[in-house]
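Just so we're aligned, residue 1 is where the sequence shown starts under my numbering, counting upward by one. Following: one structure in C-alpha cells, then a few remarks.
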Amino acid sequence: MDSSDEEMLWFQILLEEEQKNKKRRRVHKVWVHDICQKRNVFGEYHHLFNDLKKDPVKFFEYFRMCFGKFETLLNILREDLQKQTTKFRRPIEPEERLAICLR
C-alpha cells in the first residue's frame, strides 16, 4: 500500500465518521411542542384555577393558603415572574407560574 492509497483510506474513514455524526445529531423541527401549544386549552391550570377561586375551602386545600394571600404574594413577585412575549410564543403568565410553584 503506497502513501496515496493510505491517504485515501484515511479520507474515507474520516468521511464515514462525519456522516455518522450528522445522523446522530438531533433535528429540531418545532420551536414549541404541540403539548405546550395546547396548554391553554387542556392544561390543569386553565381548567381548575377558576373553579378553585370560586370555592375558598378547595382553594385553601389545594394551595395551602387563602386566595387573598395568593394575590398578595403574586403582587409581590409579579415583576420577577413576568416574562417577555415574543413573536414565537407567549410566556406562561405570572399567576400560572406562581400556582405551579406552590403546587
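We put the beta carbon where it would ideally sit given N, CA and C, even for glycine. On a predicted model such as this, the values are computed, not experimentally measured, just so you know.
Check: Can you name the start and end residues of the alpha helix (DSSP H) that K53 belongs to?; Outcome: 44-54
Check: Could you tell me which of E16, I100, K87, M8 sits nearest to L81, measuring between CA atoms?; Outcome: I100
Check: So, at 6 angstroms on beta carbons, what are the nonlocal neighbours of D2 in its own chain, with the 5 sequence-adjacent residues on each side left out?; Outcome: none
Check: What number of angstroms, rounded off, separates the C-alpha of Q84 from the C-alpha of E95?; Outcome: 15 angstroms
Check: Let me know the secondary structure DSSP gives I100 once reduced to three states.; Outcome: helix
Check: Tell me whether E71 sits in a helix, a strand or coil according to DSSP, three-state version.; Outcome: helix
Check: With H, G and I counted as helix, E and B as strand and the rest as coil, what does DSSP make of R39?; Outcome: helix
Check: Please tell me whether K53 and F67 are closer than 7 angstroms, where the distance is taken between their beta carbons.; Outcome: yes
Check: According to the Cβ coordinates, are V32 and R89 closer than 7 angstroms?; Outcome: yes
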